[in-house]
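What follows is a single structure, written as structure tokens, with notes after it.
In the UniProt record's numbering, the protein residues as written are 1 to 105.
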């Protein structure tokens, strides 16, 4: 089952919901639905390090929205921390690589 995003007003297509489940699964290693993955990390000694993934798709299929959706999902599920808080625990960050034009606003 794919998480429902209350803070996003744009409706996700089915394939984008699948991507959301897959991205959340890759970040947390706890599936939130059918991720469709057949990679078996149990054959590798350092399997705990297999987190994250690469979302690469054809132009126009909503990669930007697909990357915003896990960020929105995490924002809904985590408390807001005070700006003076000191956190040293890893928190499953996501690296987003994009064109500079998307960062200029």
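The beta carbon of each residue, even a glycine, is placed where N, CA and C say it ideally should be.
Contact set for residue i: own chain, Cβ-Cβ below 8 Å, skip 5 residues either direction
i, result
"residue 53", "22, 23, 26"
"residue 64", "98, 102"
Inter-residue Cα distance where the pair is residue i and residue j
i, j, result
"residue 102", "residue 6", "24 Å"
"residue 152", "residue 104", "The structure shown does not extend to residue 152, since the chain is modelled only from 1 to 105, so the question has no answer here."
"residue 12", "residue 60", "14 Å"
"residue 28", "residue 74", "11 Å"
"residue 69", "residue 10", "10 Å"
"residue 55", "residue 15", "12 Å"
Where the alpha helix (DSSP H) containing residue i begins and where it ends
i, result
"residue 13", "First-last for residue 13: undefined, no H or E at that position."
Close Cβ partners of residue i (< 6 Å) along its chain, the five nearest in sequence each way excluded
i, result
"residue 19", "66"
Beta-carbon proximity list for residue i, same chain, < 7 Å, skipping 5 on both sides
i, result
"residue 57", "63"
"residue 100", "none"
Exposure label - residue i; buried when at least 16 CB within 10 Å
i, result
"residue 34", "With a pLDDT of only 49 at residue 34, under the threshold of 50, the placement of this residue in the model should not be trusted, and no figure is reported."
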